[in-house]
Structures are given as C-alpha cells and as structure tokens.
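Protein chains in written order, with this note's numbering: chain A, 1074 to 1329; chain B, 69 to 463. Backbone N, C-alpha and C define an ideal beta-carbon position, used for all residues, glycine too. In this text, all values refer to a predicted model and were calculated from it rather than measured experimentally. Notes for the one structure printed next.
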Amino acid sequence: MPEAAPPTAEAPAPETAEAPAPETAEAPAPETAEARPDPVHLDLLDRIERALPGAVIEHGTACGELVIRVTNPSWGPLAGVARSDLECDYLSFVSAIDWAPTPRDGGDDAGGDTSAPVQPTEMTFGVAGSAGRFQVFARVQSTARGWGATFKVDVDETNPLVASWVGVYPGADWHERETWEMFGVRFDGHPNLRQLYLPAGFEGHPLRKDFPLLARVVKPWPGLVDVEAMPEEAAAVTAGGDGAGDGAGDGAGGGE
Amino acid sequence: MSTTEMPSAPDFELERSAMRHLADAQMNVELDTGDMILNLGPQHPATHGTLRLVVRLDGERVIAADPVIGYMHRGYEKLTEFRTYPQITTLINRIDWLSSFANEVPFVHAAEQLMGIEAPARAQYIRTILTELSRIATFVLFLGEMGLQVGALTPAFYGFRDREHVLNLIEGATGGRFHPNFNRIGGLKDDLPWGWVSETRQVMQLVLDSCDQFEDLVVGNEIFLSRTRGIGIIPGDIGTAYGVSGSNLRASGVDWDLRRDGVPYLAYPDLDFKVWTHAAGDSFARYWVRLQETRESVRMVLQLLDGLPAGPVMAKVPRIIKVPEGEAWVETENPLGQMGYYIVSKGATGPFRVKIRSASFSNVSILPWLLRGVYVPDVVTILASLYFILGDIDR
C-alpha cells in the first residue's frame, strides 16, 4: 500500500511541507552544508587546529553532521581538547567500524551469507576517509552550545591500539570495553579492558566482518521476498493461469 | 561474669579472653570480617530485568558496585548487517520495548536523510504524536513503579492501568501494542483510523488526572520523600561525562533536550513546550521531572492533534529501497534519553554498519560511580529512579 495515491492531497500539503524543517536555531539544512561550510563547523575545526596543530587529517559531513578524522597519536589529547576547547561535555558513544568487505566465500552458491544485502566486494571508505581496515569513531556533544562532532581515528590492522578516553570521559569505560570485545581494538590506558556483553574467554570479535553470522551459514534466510518481481507484474503473470481474484490477493499481500 | 568461679589463675586469663572474643562476635564489634559480596540479579525483583549487580558490602554500605550486563545481548548491530532496511525496523522495535515506536523514528529518519526523502507533513505529525504517546506510556508506568520500590503498592496498579489506555491508542493506530513497526522509510504504513483523534483527547484528560493522582499519592508522601530526597545524587557535569541523558540528566539541572536543542526533527519545531529541569539531581528529582514531562507530553499531543495537517502519510519511494552511499547520524530525545543511529551505507539494500547508541546503556554505566557509599535499600530506589530497560542496555 505505500505507493497508493492518497485521497486527500490538496491545498494544505505545500504550506505544511516546509513545517518540519524550519531554520530555527543555528542548525543548518543539509543543502547549505554541502554548498558552503557551516560556520559552526569551521569554528570547531579552528579550535582543534589551535589546540592540536596538525591533528586533523580530513573532515567532512555526514548528512550535515561534522565528521573529523584525526591522527592516531592525537586521539588521547583530543579528548581533553574536546571537553575543554570544544566545550563538548557530553560523550555520546565510542565504537568502531570494520571497513573490510563482507566475505562471500565461494560465491552465492556456497551456502554462505547468501541472504545478506549485496555489499561492494572491494574495500571503500566513508566520510573523511580511512587509512585501513579498522577505524575507531566517537561522538561528543555540547549540552550548553548544542553542537557536536564525530571523531574518527585509524588504527593499525595488525596491532589495533588507540589511546583510551576514560580519564576525560569516564563514560567511555563501557563503550571501549564493548569496542574491544566486538572489534579487538585495544585502548591504551583503559583500567579494566574485559568482556562486557560476552562471557569471559569468548574467542573472536563478533562485529568484525570476517566473523560469520552462524545462523546464516547453517541455514539460508528465507526472507528474500524483496527481490521478487513487482506485485503488478506478478499479478499479471498469475492472472493468465490462475483465477484473477487469487492473483490480486497475492499482489495486495506482497505490497504490505 | 564476676560471679563465676574460676579454678586457677592461668585458666581464668585464657577463659576471659575467649569469652570477650565471643561477646565481640555477638555484638559485631571490632570483628575482622572482610567485605561481603552480594549478587543482585540477574533474576531479582528490584533489577527490572536481567541486570546483575555485584555489590561489595561493608555492613549495609556499598563500597563497590559492578553491573554485569549482556544476559539479553542479541547482537543487533551484527544482525543489521544481514538485513535490508525495511527488515531492520522490526529488530529495533525490540531495543527499548516500552517505547518501541520512538526507537523506529531515528533509524527511519537517518535512512530518509541518506535517500533525500522527506516524509509528508501529516506523517511527521503522526510520528510525533505516537512518539509522545510512547513517552507517556513509558513514564506513567515509571510513576507507578517507582512507588512500588519504596513500598507503595497502589500506584503501581494505577501506572499499569493508565499505560493500558495509552497502549490501546497505540494499538488502535498501528495494530501493535508493544512493537508497532509502523514507520516506513518515507512515511507511515497507514493513516490514523476513524475516531482515533477524539479518543486520544479523552485519554489525554485521563492521563492528566492520573498525573495529579500520582502527585497526591507519591510526591506528597512522607516515606517516599525520605527515601528519595538526597539519595543517588548525580551532579550535572558527572552525568554528561558518563553520557547520561534524557530526564535523568535534566533532573541534574542540565537544560538539554534534543527535541528543542538538537537538529530539528519531526514536528517539534512547531510546538510550544517547556523543558523541565530540577537542580537536585537525586532520585526525587528524577521522579519529579518525569511527572512534569508526562504532563508536558500531554500538552504536546493536544497541540499536535489541533494542528494535524491533511495530506498523504507516505512519500513516493522506490519499491526496493536502496540507500545511497554515505553516512548519517540521527539522534532523538527518546523517553529514556538520547537514542541515535550512526548508519554507514554503501549503496546496498541493507546498511554496511549501524552503530546503535541507546540511552540506558550510558545511563546505567554511571552505576559504579553512583552506588559507591549508598545503603543497600537505596540501591533499589536508585535503580528504579534511573529507569532503564534491559533491551536498551544490551541491544
């Protein structure tokens, strides 16, 4: 039913369409952020450059949100800079990304992850780039100023190590433990790097791309209906052989 | 003791020291006992789910607390990498199951941003109404349950009763009491049913009345006050450094609400509402702020019902949803605090990586700091006043 033409799409629609996104605060609309840099973002970048010269490798925006990639050695001091110079008193999260492509051993016929959405087979990186496979990212925000920034840092694939933020943001404790157990990234200076969710002694790092989702290896996912033919095509096909009402019923059911 | 006759002097000396030792043991004085380790949970009535809390006690006082989580870890961040976008809303309904609808909104919003789709105004309004109804349902249950933790049984029944009214509304609009799965990328599954708006107005009046009732029954209760005032104080700067958010942070005097201060989303910019804060930061403040926010949500729902625009509830979206390459971070003010999704898309039908930032995870991570030095009975009220959902911690 999603595409069904709405019965009452008249006069009120154009004027209210603008209502959800008015320019009330300093928050920018996504288009303006693409066209010219947001002054708040420039201010934040300038403050980082003054406190930690040369730390920023690259920056970009993720749908209007500032994303900054910094060098690995500057990750530790960055926490203090974020808290004092950027006035970001609030730690939202610390986590990691594994940019490795999802392995598809032996192709789709091998009974592997055949049901996963098809992702690119080569390694590509997101906003602000990456030097390699593993990247730690964290988000801090300012409760007083209303701004925030996402920081990314590259970590070495063979020796994933980065400074801990626990000393500045005590809330980083659990986030870093989770990142360690899920990705195997170690945090230098973390007082208590042990399993958070998983039982002690668990082998492997589940959120790495090469850690298989065993449920999918054992049994293919039966929910691949989304790549079937469009319901009207299916209805047209079935209308020839079957009863017409039956085919229409199928089409409506698939549309939900 | 002076009347007992002792056979000889050396034996007397021995016996007296032994008896003193025995007396000390009975009086519990100067006893070298060491600390006691007490397990609260994972199956404990005061932990609201499978949270296990290992507390080290010195007498009645907690000297260290270590929350053990993960008993309900379902690995949603991994599962999202094996599902398409429309399938994922089913999963994320189960993160914070008291306010499932509110969980869906930031995820769907992030996907919409990446695709460059904007849901129609009517859909935005209905999303806002249902988000606020989720908030009311969640908070009303809290307002009752918090009384239960200090021995007041009656408010708990009122809490469940009033939540039922609101859940009926959510069920009427979406078809699901707990897991609506009503959001679609680009809008909503359906429009509101006939008669829903007038029924909602009636229920909102019921909720307002029950808020007054909770205020009379609980907030004015002397036992409740003595059990919550000055207990479990979170200073604002400690709270933010731990990532505590939502009502818990506003109860610590931090005037920060993403509905007002964040990137504008849904219909909140159109609304006139007050952000309530309390300076104390204790368990009582957390109760009081949620009570006021419940009333504020009722006012917001009534405003939204008055201003509900006509029009479609679904934008034009492709039949097979492929989200263009890019990254998006969308955060919303959920009933339990800041909920956000960082979505990394590589142009496929499913996301490449989804980081789920859930509120309770950070709210509970402050417990080792917060529980140090409190008494065991206060642990229960502090846990209740932080108000977490295990699914929101473990994901």
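**Report entry** Candidates Gln-1208(A), Phe-1224(A) and Arg-1142(A): closest to Gln-1214(A) by CA position
**Finding:** Your numbering for residue 1214(A) matches position 141 in the first sequence. Among Gln-1208(A), Phe-1224(A) and Arg-1142(A), the Cα nearest to that of Gln-1214(A) is on Phe-1224(A).
Query raised in the report: Which residue comes first and which comes last in the alpha helix (DSSP H) that contains Asn-236(B)?
Result: The residue labelled residue 236(B) in the question sits at position 168 within the second sequence. First-last of the alpha helix (DSSP H) with Asn-236(B): 222–242.
Query raised in the report: If you measure from the beta carbon of Asp-1162(A) to each beta carbon in chain B, is any gap under 8 Å?
Result: Position 89 of the first sequence, counted from the start, is the residue given in the question as residue 1162(A). For Asp-1162(A), the answer is yes, since a Cβ of chain B falls inside 8 Å of its Cβ.
Requested in this report: Reducing DSSP to helix, strand and coil, say where His-116(B) ends up.
Outcome: For this step, residue 116(B) is matched to residue 48 along the second sequence. His-116(B) falls in the coil class under three-state DSSP.
Query raised in the report: If Val-442(B) and Val-136(B) are in contact, beta carbons under 8 Å, what's the gap, nearest whole angstrom?
Result: The residue labelled residue 442(B) in the question sits at position 374 within the second sequence. The residue labelled residue 136(B) in the question sits at position 68 within the second sequence. 19 Å between Cβ atoms; not a contact.
Requested in this report: Go to Ala-1152(A), then tell me how far its alpha helix (DSSP H) extends in each direction, as first and last residue.
Outcome: Along the first sequence, one-based indexing puts residue 1152(A) at 79. Segment 1148–1157, the alpha helix (DSSP H) holding Ala-1152(A).
**Report entry** Continuous beta strand (DSSP E) stretch holding Gln-1214(A): start and end
**Finding:** Here residue 1214(A) refers to the residue found at position 141 when the first sequence is read from its first residue. From DSSP, the beta strand (DSSP E) with Gln-1214(A) extends over 1207–1214.
Requested in this report: Can you tell me which of Tyr-153(B), Ala-224(B), Gln-273(B) and Ala-132(B) puts its alpha carbon nearest to the alpha carbon of Leu-201(B)?
Outcome: The residue labelled residue 201(B) in the question sits at position 133 within the second sequence. Among Tyr-153(B), Ala-224(B), Gln-273(B) and Ala-132(B), the Cα nearest to that of Leu-201(B) belongs to Gln-273(B).
Report task. Confirm, please, whether the CB-CB distance from Val-1228(A) to Phe-1207(A) is below 8 Å. Result -> For this step, residue 1207(A) is matched to residue 134 along the first sequence. For this step, residue 1228(A) is matched to residue 155 along the first sequence. Cβ distance < 8 Å, so Phe-1207(A) and Val-1228(A) count as in contact.
Query raised in the report: Are three or more beta carbon pairs between the stretch 207–226 of chain B and the stretch 183–195 of chain B nearer than 8 Å?
Result: No, the stretch 207–226 of chain B does not touch the stretch 183–195 of chain B.
**Report entry** Pair within 8 Å by beta-carbon distance, Val-366(B) and Ile-204(B)
**Finding:** Residue 366(B) sits at position 298 when you count from the first residue of the second sequence. Residue 204(B) sits at position 136 when you count from the first residue of the second sequence. Yes; because the gap between Cβ atoms is below 8 Å, this pair is in contact.
**Report entry** DSSP-derived helix/strand/coil call for Arg-367(B)
**Finding:** Here residue 367(B) refers to the residue found at position 299 when the second sequence is read from its first residue. Note: Arg-367(B) maps to helix in three-state DSSP.
Query raised in the report: Where Ser-453(B) and Leu-1115(A) are concerned, what is the direct C-alpha to C-alpha distance, given to the nearest angstrom?
Result: In the second sequence, residue 453(B) corresponds to position 385, counting from 1. In the first sequence, residue 1115(A) corresponds to position 42, counting from 1. The alpha-carbon atoms of Ser-453(B) and Leu-1115(A) are separated by roughly 40 Å.
Query raised in the report: Whose C-alpha, out of Gly-109(B), Leu-108(B) and Gly-127(B), is nearest the C-alpha of Gly-102(B)?
Result: Looking up residue 102(B) in the second sequence gives position 34. Ranking the options by Cα distance to Gly-102(B), first place goes to Gly-127(B).
Report task. Within its chain, find whatever has a CB closer than 6 Å to the CB of Ile-434(B); leave out the 5 residues flanking it on each side and keep chain order. Result -> Numbered from its first residue, the second sequence carries residue 434(B) at position 366. Same-chain partners within the cutoff: Tyr-310 and Val-312.
Query raised in the report: So, does the CB of Phe-456(B) fall closer than 8 Å to a CB anywhere in chain A?
Result: Here residue 456(B) refers to the residue found at position 388 of the second sequence. Not closer than 8 Å to any Cβ of chain A, the Cβ of Phe-456(B) fails to qualify, so no.
Query - Any C-beta of chain B under 8 Å from that of Pro-1264(A) - result: One-based indexing of the first sequence puts residue 1264(A) at position 191. Cβ-Cβ to chain B under 8 Å: no for Pro-1264(A).
Query raised in the report: Quick one: is Gln-406(B) buried, meaning 16 or more other Cβ sit within 10 Å of its Cβ, or exposed?
Result: Residue numbering aside, residue 406(B) sits at position 338 when the second sequence is read from its first letter. Buried, because 16 or more other Cβ atoms sit within 10 Å of the Cβ of Gln-406(B).
Query raised in the report: For His-141(B), which residues in chain A fall below 8 Å Cβ to Cβ?
Result: Position 73 of the second sequence, counting from 1, holds the residue named residue 141(B). Going along chain A in sequence order, the residues near His-141(B) (Cβ under 8 Å) are Tyr-1270 and Leu-1271.
Query raised in the report: For Val-444(B), which residues from the same chain have a beta carbon less than 6 Å from its beta carbon, with the 5 sequence-adjacent residues on both sides left out?
Result: For the purposes of this step, residue 444(B) is taken as residue 376 along the second sequence, with counting starting at 1. Here the set comprises Glu-128.
Query raised in the report: In chain order, what residues of the same chain lie with their CB nearer than 8 Å to the CB of Glu-149(B), ignoring the 5 residues before and after it?
Result: Numbered from its first residue, the second sequence carries residue 149(B) at position 81. Only Gly-418, Pro-419, Phe-420, Arg-421 and Val-422 meet the Cβ criterion.
Requested in this report: Just grab the DSSP bridge partners of Gly-1199(A) for me.
Outcome: Counting from 1 along the first sequence, the entry for residue 1199(A) is found at position 126. Answer is none; Gly-1199(A) lacks a bridge partner.
Query - Residue of Phe-1256(A), Leu-1266(A) and Tyr-1270(A) minimising C-alpha distance to Gly-1277(A) - result: As a position in the first sequence, residue 1277(A) is number 204, starting the count at 1. Closest option to Gly-1277(A), Cα to Cα, is Phe-1256(A).
Query raised in the report: Do the stretch 246–265 of chain B and the stretch 374–383 of chain B meet, that is, are 3 or more Cβ pairs less than 8 Å apart?
Result: Taking a contact to require three or more Cβ pairs closer than 8 Å, the stretch 246–265 of chain B and the stretch 374–383 of chain B qualify as touching.
Query - Min CB distance Arg-231(B) to chain A below 8 Å - result: Reading the second sequence from its first residue, position 163 is the one you call residue 231(B). Arg-231(B) does not count as touching chain A.
Query - Assumed close pair Ala-241(B), Thr-199(B) - CB separation to whole angstroms, cut-off 8 Å - result: By 1-based counting over the second sequence, the position of residue 241(B) is 173. By 1-based counting over the second sequence, the position of residue 199(B) is 131. That belief does not hold up - the Cβ atoms of Ala-241(B) and Thr-199(B) are roughly 12 Å apart, past 8 Å.
Requested in this report: Specify whether the stretch 296–311 of chain B and the stretch 385–404 of chain B touch according to this definition: at least 3 beta carbon pairs, one from each stretch, less than 8 Å apart.
Outcome: No, the stretch 296–311 of chain B does not touch the stretch 385–404 of chain B.
Requested in this report: Count the other CB atoms, across all protein chains shown, that sit within 10 Å of the CB of Asp-1261(A); report buried if there are 16 or more and exposed otherwise.
Outcome: Position 188 of the first sequence holds residue 1261(A). With fewer than 16 Cβ atoms within 10 Å of its Cβ, Asp-1261(A) is classed as exposed.
Report task. Express the C-alpha separation of Ala-1217(A) and Gly-1274(A) in angstroms, rounding to a whole number. Result -> To locate residue 1274(A), count along the first sequence from 1; it is residue 201. To locate residue 1217(A), count along the first sequence from 1; it is residue 144. A direct Cα-to-Cα measurement between Gly-1274(A) and Ala-1217(A) gives close to 42 Å.
Report task. List the residues of chain B whose Cβ lies closer than 7 Å to the Cβ of Phe-1256(A), in chain order. Result -> By one-based count along the first sequence, residue 1256(A) stands at place 183. In chain order: nothing, as chain B lies at least about 11 Å away.
**Report entry** Classification of Ala-335(B) by the beta-carbon crowding that lies within 10 angstroms, buried from 16 upward
**Finding:** The sequence position of residue 335(B) within the second sequence is 267, counting from 1. Its Cβ being crowded by 16 or more others within 10 Å, Ala-335(B) is buried.
Report task. In the DSSP assignment, find the alpha helix (DSSP H) that holds Arg-1267(A) and state where it starts and stops. Result -> If you number the first sequence from 1, residue 1267(A) lands on position 194. Membership of Arg-1267(A) in any alpha helix (DSSP H) is not indicated, and neither H nor E is assigned to it by DSSP.
**Report entry** 8 Å Cβ shell around Glu-1195(A) - same chain, five flanking residues per side excluded
**Finding:** For the purposes of this step, residue 1195(A) is identified with residue 122 of the first sequence, where counting begins at 1. Cβ within range, chain order: Pro-1174.
**Report entry** C-alpha gap between Arg-162(B) and Val-1291(A), whole angstroms
**Finding:** In the second sequence, the residue the question calls residue 162(B) occupies position 94. In the first sequence, the residue the question calls residue 1291(A) occupies position 218. Using only the alpha carbons, I get a separation of about 24 Å.
Query raised in the report: With distances taken from CA atoms, which of Ser-430(B), Val-412(B) and Phe-456(B) is nearest Ala-1169(A)?
Result: What you label residue 1169(A) is simply residue 96 of the first sequence in a count that begins at 1. The candidate whose alpha carbon is nearest that of Ala-1169(A) is Val-412(B).
Query raised in the report: What residue range is occupied by the uninterrupted alpha helix (DSSP H) comprising Ala-309(B)?
Result: The residue labelled residue 309(B) in the question sits at position 241 within the second sequence. Counting along the chain, the unbroken alpha helix (DSSP H) around Ala-309(B) starts and ends at 304–310.
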